[in-house]
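Student:
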Amino acid sequence: MTARAPSRRYVIDASVVVKWVLDDEEHVEQARALRDACLIDGTVEFHAPELIVYELTNAIRKAAYNTRLPQHIAQEALTALLDAPIELHEPDPLAALEIGLRLTVSGYDANYVALADALGVECWSGDERLVRACERPAPYVRSIGEYEAA
């Protein structure tokens, strides 16, 4: 049996990926449905700037420190996230700077938007402030809360 080729490509940010292991986050079901579309169904391909590695490391460290995730599970959780099939891309600092200034978002967030723009794909985020900032100028930045499994 031949594996299905992904029919959709998305940029996903760390706020979506961290929901795959943290149960107390908002929109966990939608984030995990999107993950399953990639891992189980094979219909989705994920992309992210390389900085996602640092953001995920910090998110898991913070969750363990704040007892949202048992410390003895933190390393396992981070390893699972880093092993996820996400194609990493080198950041484009100049594009991110332009987007960050135009949308008044952080340089970190702007890197995800710049990558989605460069690839011509949607970007899924759990950061509602980013989604609101992008509403008009970059409507391809979507809230993970809106995701519906196909």
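Start counting at 1 in the sequence shown, then tack on 926, and there's your number in my numbering. Cβ coordinates follow ideal geometry from the N, Cα and C atoms, glycine included. Since we're looking at a predicted model, the values are computed, not measured.
#1: What does DSSP give as the partner residues of TYR936 in its beta bridges?
#2: List the endpoints of the continuous alpha helix (DSSP H) containing ILE1012.
#3: Could you give the DSSP three-state label for VAL954: helix, strand or coil?
#4: How should ARG1058 be labelled, buried or exposed, when 16 other C-beta atoms within 10 angstroms of its C-beta is the threshold for buried?
#5: So, is LEU1029 buried or exposed, given that buried needs 16 or more other C-beta atoms within 10 angstroms?
#6: Suppose contacts are defined by Cβ-Cβ distances below 8 Å. Is VAL947 in contact with LEU1023 by that definition?
#7: What's the call for LYS945, buried or exposed, on a 16-neighbour Cβ count within 10 Å?
#8: Please state whether the Cβ-Cβ distance between LEU1056 and VAL1067 is less than 8 Å.
#9: Three-state secondary structure (DSSP) at SER1069?
#10: According to DSSP, is PRO1019 helix, strand or coil?
#11: When the distance is taken between beta carbons, is GLU976 closer than 8 Å to PRO1017?
#12: Taking all protein chains shown into account, do 16 or more other C-beta atoms lie within 10 angstroms of the C-beta of GLN1001, making it buried, or fewer, making it exposed?
#13: Tell me where the alpha helix (DSSP H) around ILE986 begins and ends.
#14: By a C-beta neighbour count over all protein chains shown, 10 Å radius and 16 as the cutoff for buried, is ALA1042 buried or exposed?
Tutor: So, to answer that:
#1: PHE972, GLU1048
#2: Here ILE1012 belongs to no alpha helix (DSSP H); instead the beta strand (DSSP E) covers 1012-1015.
#3: Residue state for VAL954 is assigned as helix, using DSSP reduced to three classes.
#4: exposed
#5: Flag for LEU1029 reads buried.
#6: no
#7: buried
#8: yes
#9: strand
#10: DSSP places PRO1019 in helix when its eight states are reduced to three.
#11: For PRO1017 and GLU976, yes; Cβs fall inside 8 Å.
#12: exposed
#13: 978-991
#14: buried
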